[in-house]
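Just so we're on the same page, my numbering is the position in the sequence shown counted from 1, plus 1.
Glycine is no exception: its CB is placed at the ideal position from the N, C-alpha and C atoms.
Remember, it's a predicted structure, so these values are computed and weren't measured experimentally.
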Amino acid sequence: MNATPTRLNRGDTLVLATHNRGKIAEFAALLAGYGIRVIPAGDLSLPEPEETADSFTGNAALKAMAAAKAANLPALADDSGFCVAALDGAPGIFSARWAGPEKDYPDAMRRIHDRMGDNPDRSAWFISVLCLAWPDGRTETFEGRIDGHVIWPPHGENGHGYDPIFAPGGGGRSFADMSDAEKNTISHRALAFALFRDTCLPVAA
Numbered sequence: 002m003n004a005t006p007t008r009l010n011r012g013d014t015l016v017l018a019t020h021n022r023g024k025i026a027e028f029a030a031l032l033a034g035y036g037i038r039v040i041p042a043g044d045l046s047l048p049e050p051e052e053t054a055d056s057f058t059g060n061a062a063l064k065a066m067a068a069a070k071a072a073n074l075p076a077l078a079d080d081s082g083f084c085v086a087a088l089d090g091a092p093g094i095f096s097a098r099w100a101g102p103e104k105d106y107p108d109a110m111r112r113i114h115d116r117m118g119d120n121p122d123r124s125a126w127f128i129s130v131l132c133l134a135w136p137d138g139r140t141e142t143f144e145g146r147i148d149g150h151v152i153w154p155p156h157g158e159n160g161h162g163y164d165p166i167f168a169p170g171g172g173g174r175s176f177a178d179m180s181d182a183e184k185n186t187i188s189h190r191a192l193a194f195a196l197f198r199d200t201c202l203p204v205a206a
């Protein structure tokens, strides 16, 4: 992280370095009110770089820097994943890949359930690392984490990805049971976003 963070200004354009519709919707809600024009990478026909790093931070930086350089604009990327204690932290940075090219998250959730078996340790967590990159190569990174546990069967109609099998804290409601507004106050991405907001965004209108 730079010693002197750089803030975005009202009226600036920010590339959102993701093609994931669920993430785009979450970030659109989180960024509302800051006077920042947000453009998803897909709207600029930017390719998705291969995630070759061995950490959330590394992959977020790869995506953010690729978008910033290609668009010649500041870019914000998220790398996040679902980590299960009984699976030694898997799927972790491979969370999206577990769902395959068709993004079959019901199958991925079933595989987690099957691999956990009767293991009594149901603890799990979500991690999100945000990286803001500038075309000149400067970056800022912010990490958020929320702990909870795996529930089965999946339930809830909202959210995306592994939300239907994750209940934060010790409760029984999954992320998918929550409204977007409720989830966005406690999620891993919201926690990382709060750090990003305080460091890099203008004061909200």
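Which runs of the beta strand (DSSP E) spanning at least 3 residues fall entirely within the region 90–155, listed in chain order? 124–134, 140–151
As assigned by DSSP and simplified to three states, the class of residue 33: coil
Outcome for residue 124 when other beta-carbon atoms lying within 10 angstroms are tallied against a minimum of 16: exposed
Please classify residue 199: does DSSP put it in a helix, a strand, or coil? helix
Within 10 Å of its beta-carbon, does residue 14 have 16 or more other beta-carbons around it, so buried, or fewer, so exposed? exposed
Could you please give the first and the last residue of the uninterrupted beta strand (DSSP E) stretch that includes residue 83? 76–85
The region 29–41 / the region 89–102 touching (three or more Cβ pairs under 8 Å): no
Considering only the beta carbon of each residue, do residue 190 and residue 145 sit closer than 8 Å? yes
Euclidean distance between Cα positions of residue 67 and residue 139: 12 Å
Just curious, the alpha helix (DSSP H) that residue 57 is in, first and last residue? 57–72
Are the beta-carbon atoms belonging to residue 127 and residue 81 less than 8 Å from one another? yes
Assigned exposure category for residue 135 - 16 Cβ within 10 Å defines buried: buried
Meets three-Cβ-pair contact criterion under 8 Å: the region 49–57 and the region 100–112: no
What three-state label does DSSP hand residue 1 in the structure shown? The structure shown has nothing for residue 1, since the chain only spans 2 to 206.
Run of the alpha helix (DSSP H) containing residue 182, from where it starts to where it stops: 181–184
Quick check on residue 21: buried or exposed, where buried means 16 or more other Cβ atoms within 10 Å of its Cβ? buried
Does the separation of the CB atoms of residue 157 and residue 170 fall below 8 Å? no
Measuring straight from C-alpha to C-alpha, what distance separates residue 130 and residue 119? 31 Å
Relative to the C-alpha of residue 162, which residue among 27, 9, 18 is closest? 27
Starting from residue 16, follow the beta strand (DSSP E) in both directions and report where the run begins and ends. 14–17
The beta strand (DSSP E) with residue 169 in it runs from where to where? 167–169
Among 141, 147, 142, 166, the one whose alpha carbon lies nearest that of residue 153: 166
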